[in-house]
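Going by the working numbering, the first residue of the sequence shown is number 6, and it counts up by one from there.
Glycine included, C-beta positions come from ideal geometry on N, C-alpha and C.
These figures come from a predicted structure and were not determined experimentally.
Single-structure report; data block below.
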Amino acid sequence: MAEVNYTYVPWEQLQARTIAVFRAAGSDLREAQLIAEHLVEANLRGHDSHGVGVVPMYLRSQRAKGLVLNQELRVAIDTGAMLICDAGLGAGQVMAHDAMVLGIERARDEGSAIVSLRNSHHIGRIGHWAEQCAAAGMVSIHFVNVVAGAIVAPFGGTQARLGTNPFAAAFPRAGQPPVVVDFATSTLASGKVRVAHNKGVPIPAGALLDNQGKPTTDPGKLFETPPGALTTFGEHKGWGLMLACELLGAALVGAPTQHVGPGTGTVINSMFSVIVSPERLGTAGLFAGELEAVLGWVTSEDGVRLPGQPELDSRIVRIANGIPVDPATLDQLEAAARDVGMNGFLAA
Ligand code: NAD
């Protein structure tokens with residue numbers, strides 16, 4: 006296997022250049038900053054599938070009118086217990102941020118809130134939104150649907166029917182980073198298959214079927230015409246959670262579902278979030294004690310790591326060493342930057 010010749014880019018430079026790209030594309034400063042901070046944070050946490058490598062896709066979405074820059078979040082329905090926010094295809098990093106701010110305020114007042122964000126452009130790494138809630142002292146869970154062209158086969162099937170519908174949850178801890186559970190309900194996030202394809206490396210067995218329904222480790226099979234299909238994680242269990250994400254994230258709240266969704270290269274996300282304030286419920290002390298007891302108990306054996314820990318470990322390494330960008334991704338970023346009138350991506 007050929008060795009990948011990475012360029013190691015300091016995260017500050019990657020962030021500044023990503024801000025510059027979105028400013029050149031027409032984003033106001035806040036939007037450019039929120040998008041860039043989110044994407045670079047995904048890189049820092051080791052999820053290159055949701056890092057700056059998606060910038061070319063975002064700009065293609067904008068040109069295809071699947072991403073509306075400088076959009077404002079609109080509260081479409083507010084019943085007190087539940088808010089339904091419409092993003093109008095706005096930048097997910099702004100729309101989800103602002104929806105979480107509303108949900109956190111509501112949970113602070115009422116003890117809990119259900120917030121639905123519908124019809125948003127790609128909202129990236131879902132753990133980011135759970136972390137925003139955790140930073141405000143909130144426990145939260147998030148069910149997300151993806152409309153971007155079917156890419157995952159239901160358990161028992163061979164043909165793609167749904168998106169990679171991610172799930173996330175976070176539990177804040179006193180004086181320590183939160184526990185963050187955050188994954189696609191496909192065996193692999195589709196962006197990870199793109200990253201492997203760009204790197205020219207195989208993907209783990211069991212994650213992908215070719216367009217004949219046969220298992221394959223060649224990431225290119227996902228991008229053939231007709232395309233292959235990802236599998237659901239955990240067989241029937243992941244399939245059930247994937248379906249719940251589709252129904253809660255979208256069907257319940259009038260958001261686009263995959264069966265009517267476009268396959269135009271844009272990514273639309275809708276997210277169903279439940280946000281709980283232990284402080285407001287008066288159970289914060291009890292919860293904190295029990296949480297630490299549970300975490301101590303489950304990690305009392307060597308080799309057990311808490312969800313969220315691998316991302317924190319990656320963050321330390323990548324802050325120190327820079328973020329590795331593979332040649333194909335860098336070429337795509339350079340071309341995307343030139344498309345919005347810049348000299349190039351890394352060139353200042
Ligand atoms: P993954 O398979 O890397 O799993 C990540 C989760 O597993 C994290 O919570 C991590 O802390 C935990 N984890 C990993 N190794 C662990 C270990 N040894 N012990 C304990 N916990 C461990 O994630 P993925 O499915 O590839 O998803 C990657 C990212 O893609 C996620 O951030 C997800 O939100 C995002 N995503 C977004 C969309 C979208 O449409 N916006 C769609 C799919 C996925």
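- My guess is that VAL158 and LEU214 are in contact by the Cβ rule of under 8 angstroms, so how many angstroms apart are they, rounded? For the purposes of this step, residue 158 is taken as the residue at position 153 of the sequence shown. For the purposes of this step, residue 214 is taken as the residue at position 209 of the sequence shown. Looking at the sequence itself, residue 158 is Ala, so the reference to Val does not match. Right, the Cβ-Cβ distance comes to about 6 angstroms (below 8 angstroms), so this counts as a contact.
- Task: Grab the span of the alpha helix (DSSP H) containing ASP114 for me, first residue to last.
- Result: On the sequence shown, residue 114 is found 109 positions in, with the first residue counted as 1. From DSSP, the alpha helix (DSSP H) with ASP114 extends over 97 to 115.
- What are the residues that DSSP puts in a beta bridge with PRO220? Counting from one through the sequence shown, the residue named residue 220 turns up at place 215. Paired residue(s): LEU214.
- Please classify SER191: does DSSP put it in a helix, a strand, or coil? The sequence position of residue 191 within the sequence shown is 186, counting from 1. Residue state, collapsed to three classes: strand.
- Looking at the structure shown, is PRO61 part of a helix, part of a strand, or coil, going by DSSP? Your numbering for residue 61 matches position 56 in the sequence shown. The answer is helix: DSSP assigns PRO61 an H, G or I state.
- When the Cα of VAL73 is compared with those of ASN10, ASP223, ASP33 and LEU311, which residue comes out closest? Translated into the one-based positions of the sequence shown, residue 73 becomes position 68. Closest by alpha carbon: ASP33.
- How should GLN217 be labelled, buried or exposed, when 16 other C-beta atoms within 10 angstroms of its C-beta is the threshold for buried? Position 212 of the sequence shown, counted from the start, is the residue given in the question as residue 217. With fewer than 16 Cβ atoms within 10 Å of its Cβ, GLN217 is classed as exposed.
- With 8 angstroms set as the bound, which would you pick, yes or no: does the beta-carbon of LEU286 sit closer than that to a beta-carbon of chain B? Among the chains of the structure shown, chain B does not appear; only one protein chain is present.
- Task: Kindly indicate which residue of THR271, LEU317 and SER278 has the alpha-carbon position closest to the one of MET105.
- Result: Your numbering for residue 105 matches position 100 in the sequence shown. Minimum Cα distance to MET105 is reached at SER278.
- Query: What are the start and end residues of the alpha helix (DSSP H) that includes VAL303?
  - Reply: Counting from 1 along the sequence shown, the entry for residue 303 is found at position 298. It spans 289 to 303 - the alpha helix (DSSP H) in which VAL303 sits, taken as one unbroken run.
- Item | Every unbroken beta strand (DSSP E) inside the segment 142 to 166 [3 residues or more] | 144 to 152
- CA-to-CA distance, ALA293 to THR12, given in whole angstroms: Indexing the sequence shown from 1 puts residue 12 at position 7. Indexing the sequence shown from 1 puts residue 293 at position 288. Taking the straight line joining both Cα atoms gives about 42 angstroms.
- Item | For GLN76 and PRO224, the rounded distance between their alpha carbons | Reading the sequence shown from its first residue, position 219 is the one you call residue 224. Reading the sequence shown from its first residue, position 71 is the one you call residue 76. Roughly 35 angstroms between the two C-alpha positions.
- Query: Should GLN241 be labelled buried (16 or more other beta-carbon atoms within 10 Å of its own) or exposed?
  - Reply: Here residue 241 is taken as the residue at index 236 of the sequence shown, counted from 1. Sequence check: residue 241 is His here, not Gln. Under this definition HIS241 is an exposed residue.
- In or out: GLU229 buried (at least 16 other Cβ within 10 Å) or exposed? Position 224 of the sequence shown holds residue 229. Classification for GLU229: exposed.
- Since MET247 is in the alpha helix (DSSP H), which residue starts that stretch and which ends it? Within the sequence shown, the letter at position 242 stands for residue 247. Element bounds for MET247: 241 to 254.
- Task: Provide the residue span of the beta strand (DSSP E) that contains PHE277, from first to last.
- Result: Here residue 277 refers to the residue found at position 272 of the sequence shown. Counting along the chain, the beta strand (DSSP E) containing PHE277 begins and ends at 273 to 281.
- Query: Which residue or residues does DSSP assign as beta-bridge partners of LEU94?
  - Reply: On the sequence shown, residue 94 is found 89 positions in, with the first residue counted as 1. Paired residues: none, contrary to the question.
- Query: Which word fits VAL272, buried or exposed, when buried means at least 16 other C-beta atoms lie within 10 angstroms of its C-beta?
  - Reply: The count along the sequence shown starts at 1 and reaches residue 272 at position 267. It is buried - the Cβ of VAL272 has at least 16 other Cβ atoms within 10 Å.
- Run through DSSP, which three-state label would ASP83 get? As a working note, residue 83 is residue 78 in the sequence shown. In the structure shown, ASP83 sits in a strand (DSSP, three-state: E or B).
- Using 7 angstroms as the cut-off, classify the Cβ of SER278 as near or not near the heavy atoms of the ligand NAD, replying yes or no. Indexing the sequence shown from 1 puts residue 278 at position 273. SER278: no, Cβ never under 7 angstroms from the ligand NAD.
- Item | Heavy atom of the ligand NAD within 7 angstroms of ASN348 beta-carbon | Locating residue 348 in the sequence shown gives position 343, where the first residue counts as 1. ASN348: no, Cβ never under 7 angstroms from the ligand NAD.
- Query: Can you check whether the CB of PRO315 is closer than 8 angstroms to the CB of VAL184?
  - Reply: One-based indexing of the sequence shown puts residue 184 at position 179. One-based indexing of the sequence shown puts residue 315 at position 310. No, they are not a contact pair.
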